[in-house]
Amino acid sequence: MAKHRLIVIPPPFQGHMTPMLQLATILHSKGFSITVAHTNFNSPDPTNHPPDFTFLPFYDGLSDSYTVSPKNVIHISSTLNTNCVTPLKELLLRIMDENKANKEDKILCVIYDGLMHFVDSVARELNLPTILFRTTSATNYLSYHSLSTLQSNGYLPLQDSSSVCMEVVEGLEPLRFRDLPIFNLGECATDMMVKQAAISLSVKPSLGVIFNTIEFLEASSLQKLRNLYKVGVFPVGPLHMLMTPPSSQKQEKNNHSMTTSLMKEDYSCITWLNEQEIGSVLYVSLGSIASWNERELIEVAYGLANSGQRFLWVIRPETIMSIPEEVKTLAREKGRIVKWAPQREVLAHSAVGGFWSHCGWNSTLESVCFGVPMMCQPCFGDQRVNARLVSHVWKVGIDCSEMRIGREEVEGAVRRMMVSWEGKEMRERAVLMKDKIMVDVRDEDALNGLVHAINNHNS
Ligand code: UDX
């Protein structure tokens, strides 16, 4: 019997690949067949996914030796939007031909990440319906709609020295100018980003727009976005909550567990967490792109050690030639350093009492869903927007965006998070927030609406 197939197209970045593969897994559980069309660069591992997922690569023209960094994300995205048009078209045509020949699945629609906006016109040319997946916060995307106007009104580029930095942006309350994703980018990169945002916003998917968020977290931004889009808006998140919950008891990755990680997760840190007291460990990670330099690593190590608190620290190998002996020695007594952690299992663990994070949207969602308060250290892009939500709107995090990375400053911030009254109150608020999110997630209204929209369009 012919099945109903969805083609999902993630960009080759961990923070975007993860929510797309989570969405694919959830839609698979609703009865759809899944094909993941992906770039050769940073390709996902098919063995980590259900055996009936089909993974098909298309040419991207990117070298394997590339490392994704804050500086080249916009460049890589714009290269993909140029290089991949013909290869993706050929791939989709091949899938359609094979389906026709074998009387197999019908392609119901193509779901693509906003960074891969070229997909929309390719799919339309082939008469395939499209859904746009916005993988960062709704509030961040809402801010994209203001960038061109801010540029025409002479506000950009925005630097530390800009007089308006601390002012709230009209229509984007409570975001200040300094919270915008183009803050401190410099003239050239600001220009490129404003152009990319304009192209991305001009794309009009035929079936709708998916957000990895929920009403409870971003009701007002979602409402404004609904007024801007002419198609359905589906806040189906937080997607990781709709998947199998992580087990805090897990010692080793079992063969059947699904991971969206592009790097190997070190499960030995869960064994270490099992030995720590409840709420006593600060988890430290800047996600898959941001990093501290060697001087900062040493200062962070001293700050953590001097705070007297326990910590689990992710230092990705590509960010440093070798971890300085000084850092290793300081970490030995009270901490644990890993190259890549099973983050959701870590945040779900009762030993973890705080998360020093760059506030990538996935990390932010994972932290609030597991009731863990944050030290917000946004580095680039949407992270300042997310940090503002965490510290100012939800009040479950300390704003460290202005903190100098020096040992005294770090020690003070860690103590503030882990042992002060303020930290305790944030922890209590975070737990209440987690409970409210759980209630919202359970009704699956938006997800059912999305499934209905896909099926209905094709019936
Ligand atoms: C990027 C951007 O930087 C981010 O701002 C944007 O919102 C999404 O794309 P990234 O920097 O990697 O993502 O951050 P984040 O969104 O937090 O995603 C990181 C993912 O990697 C999370 O799902 C996290 O659970 C996972 N992770 C991180 C691990 O599994 N192990 C680790 O050790 C660190």
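Oh and the sequence shown: position 132 is 798 in our numbering, straight run, nothing missing. We treat Cβ as the ideally placed atom computed from N, Cα and C, and that holds for glycine.
Quiz prompt | Outcome for Thr937 when other beta-carbon atoms lying within 10 angstroms are tallied against a minimum of 16 | solution = Position 271 of the sequence shown holds residue 937. Thr937 should be labelled exposed.
Self-check item: Sequence ranges, beta strand (DSSP E) only - wholly within the segment 716-748, length at least 3
Solution: 720-724
Quiz item: For Gln688, does the count of other Cβ atoms within 10 angstroms reach 16, so buried, or fall short, so exposed?
Solution: Residue numbering aside, residue 688 sits at position 22 when the sequence shown is read from its first letter. It is buried - the Cβ of Gln688 has at least 16 other Cβ atoms within 10 Å.
Exercise. May I have a chain-ordered list of the beta strand (DSSP E) segments no shorter than 3 residues that lie completely inside the segment 920-997?
Key: 947-951, 976-980
Self-check item: Opposing strand residues paired with Asp701 [DSSP bridges]
Solution: Taking the first residue of the sequence shown as 1, we reach residue 701 at position 35. A quick correction: the sequence has Thr, not Asp, at residue 701. Bridge partners of Thr701: Ile673, Thr720.
Exercise. Consult DSSP for Val899 and reduce its assignment to one of helix, strand or coil.
Key: Locating residue 899 in the sequence shown gives position 233, counting from the first residue. Here Val899 sits in strand by DSSP.
Quiz item: Looking only at its own chain, which residues have a Cβ that is under 6 Å from the Cβ of Thr705, when we skip the five neighbours before and after it?
Solution: By 1-based counting over the sequence shown, the position of residue 705 is 39. Taking Thr705 as the centre and dropping the five residues before and after it, the same chain places the C-beta of Pro678, Asp726 closer than 6 Å to its C-beta, in chain order.
Quiz item: Going by the C-beta, is His783 closer than 7 Å to any heavy atom of ligand 1?
Solution: For the purposes of this step, residue 783 is taken as residue 117 along the sequence shown, with counting starting at 1. Not under cutoff, so the answer is no.
Quiz prompt | Option nearest Ser927 by Cα separation, candidates Ile692, Lys1100, Lys1005 | solution = Locating residue 927 in the sequence shown gives position 261, counting from the first residue. Out of Ile692, Lys1100, Lys1005, Lys1005 has the C-alpha closest to the C-alpha of Ser927.
Exercise. Label Val776 either buried or exposed according to how many other C-beta atoms from any shown protein chain fall within 10 Å of its C-beta, with 16 as the threshold for buried.
Key: Translated into the one-based positions of the sequence shown, residue 776 becomes position 110. By the 10 Å Cβ count, Val776 comes out buried.
Self-check item: Contained beta strand (DSSP E) runs [length at least 3] in the segment 835-898, N- to C-terminal order
Solution: Restricted to the segment 835-898, the beta strand (DSSP E) segments that are unbroken, complete and at least 3 residues in length are 874-877, listed in chain order.
Quiz item: For Arg1073 versus Gly945, is the C-beta spacing smaller than 8 Å?
Solution: On the sequence shown, position 407 is the one that residue 1073 refers to. On the sequence shown, position 279 is the one that residue 945 refers to. Result no, Cβ atoms of Arg1073 and Gly945 do not sit closer than 8 Å.
Practice problem: On a CA-only basis, which of Leu851, Tyr778, Glu1032 is nearest Arg790? Give me that one, please. | Solution: For the purposes of this step, residue 790 is identified with residue 124 of the sequence shown, where counting begins at 1. When the alpha-carbon of Arg790 is set against those of Leu851, Tyr778, Glu1032, the nearest one is in Tyr778.
Quiz prompt | Top-ranked residue by Cα proximity to Met858, from Val875, Ala885, Tyr810 | solution = Counted from its first residue, the sequence shown places residue 858 at position 192. Measuring from the Cα of Met858, the nearest candidate turns out to be Tyr810.
Quiz item: Which first and last residues belong to the alpha helix (DSSP H) in which Val1004 is found?
Solution: Taking the first residue of the sequence shown as position 1, residue 1004 is located at position 338. Taken as a continuous stretch (DSSP letters only), Val1004 belongs to no alpha helix (DSSP H), being part of the beta strand (DSSP E) at 1001-1004.
Practice problem: Please state whether DSSP places Thr815 in a helix, a strand or coil. | Solution: Stepping through the sequence shown from its first residue, residue 815 is reached at position 149. Helix, per DSSP.
Exercise. Report the three-state DSSP secondary structure of Arg1070 (helix, strand or coil).
Key: Reading the sequence shown from its first residue, position 404 is the one you call residue 1070. Correct three-state label for Arg1070: coil.
Quiz item: Quick one: what's Ile1064 bridged to in DSSP?
Solution: Locating residue 1064 in the sequence shown gives position 398, where the first residue counts as 1. The bridge partners DSSP lists for Ile1064 are Met1041.
Practice problem: Put His1118 into one of helix, strand or coil per three-state DSSP. | Solution: Reading the sequence shown from its first residue, position 452 is the one you call residue 1118. Helix, per DSSP.
Quiz item: Just the Cα atoms here: how many angstroms apart are Trp979 and Met1041?
Solution: Reading the sequence shown from its first residue, position 313 is the one you call residue 979. Reading the sequence shown from its first residue, position 375 is the one you call residue 1041. About 14 Å.
Quiz item: Once you ignore the five residues that flank Val897 on each side, which residues in its own chain have a CB closer than 8 Å to its CB?
Solution: For the purposes of this step, residue 897 is identified with residue 231 of the sequence shown, where counting begins at 1. The residues are Lys870, Pro871, Ser872, Leu873, Gly874, Val875.
Quiz item: Counting pairs of Cβ atoms below 8 Å between the segment 879-891 and the segment 796-806, do you hit three or more?
Solution: yes
Quiz prompt | Enclosing alpha helix (DSSP H) for Gly681 [first to last residue] | solution = Looking up residue 681 in the sequence shown gives position 15. From DSSP, the alpha helix (DSSP H) with Gly681 extends over 680-695.
Practice problem: From the DSSP output, in three-state form, read off Gln825 for me. | Solution: One-based indexing of the sequence shown puts residue 825 at position 159. Note: Gln825 maps to coil in three-state DSSP.
Exercise. Just tell me which of Ile865, Ile773, Lys737 has its CA closest to the CA of Asn747.
Key: As a first step, residue 747 must be located in the sequence shown, where it is residue number 81. Nearest option by C-alpha distance: Ile865.
Self-check item: Cβ shell of Met924 (< 7 Å), same chain only, five flanking positions each side left out
Solution: Working through the sequence shown from its first residue, we reach residue 924 at position 258. So the list reads Thr691, Asn714, His715, once near-sequence residues are dropped.
Quiz item: Can you tell which of Ile740, Leu841, Thr745, Leu908 has its C-alpha closest to the C-alpha of Met686?
Solution: Here residue 686 is taken as the residue at index 20 of the sequence shown, counted from 1. Per the Cα distances, Leu908.
Quiz item: Heavy atom of ligand 1 less than 7 Å from the Cβ of Phe679, yes or no?
Solution: Here residue 679 corresponds to residue number 13 of the sequence shown, with the count starting at 1. Yes, since a heavy atom of ligand 1 falls inside the 7 Å radius drawn around the Cβ of Phe679.
Quiz item: So, are the CB atoms of Leu672 and Phe698 less than 8 Å apart?
Solution: For the purposes of this step, residue 672 is identified with residue 6 of the sequence shown, where counting begins at 1. For the purposes of this step, residue 698 is identified with residue 32 of the sequence shown, where counting begins at 1. Going by C-beta atoms, Leu672 is nearer than 8 Å to Phe698.
Quiz item: Is Asp975 near ligand 1, with its Cβ less than 7 Å from a heavy atom?
Solution: The count along the sequence shown starts at 1 and reaches residue 975 at position 309. Here residue 975 is Gln; the residue named in the question, Asp, does not match the sequence. Not so, every heavy atom of ligand 1 lies at least 7 Å from the Cβ.
Quiz prompt | Buried versus exposed, by CB contacts within 10 Å (16 or more), Met683 | solution = Mapped onto the sequence shown, residue 683 falls at position 17. Buried, because 16 or more other Cβ atoms sit within 10 Å of the Cβ of Met683.
Quiz item: Taking the alpha carbon of Thr985 as the point to measure from, which residue in Ile1003, Leu996, Ala956, Ala997 has its own alpha carbon closest?
Solution: On the sequence shown, position 319 is the one that residue 985 refers to. The option with the nearest alpha carbon to Thr985 is Ala956.
Quiz item: Opposite Lys772 in the DSSP bridges: which residues?
Solution: The sequence position of residue 772 within the sequence shown is 106, counting from 1. Lys772 is bridged to His670.
Practice problem: Please confirm whether any heavy atom of ligand 1 lies closer than 7 Å to the CB of Val947. | Solution: In the sequence shown, the residue the question calls residue 947 occupies position 281. Outside the cutoff, so no.
Quiz item: At what residues does the beta strand (DSSP E) containing Phe799 begin and finish?
Solution: By 1-based counting over the sequence shown, the position of residue 799 is 133. Phe799 -> beta strand (DSSP E) spans 796-800.
Quiz item: To the nearest angstrom, how far is it from the Cα of Lys1000 to the Cα of Leu759?
Solution: Taking the first residue of the sequence shown as 1, we reach residue 1000 at position 334. Taking the first residue of the sequence shown as 1, we reach residue 759 at position 93. Whole-angstrom Cα-Cα distance: 56 Å.
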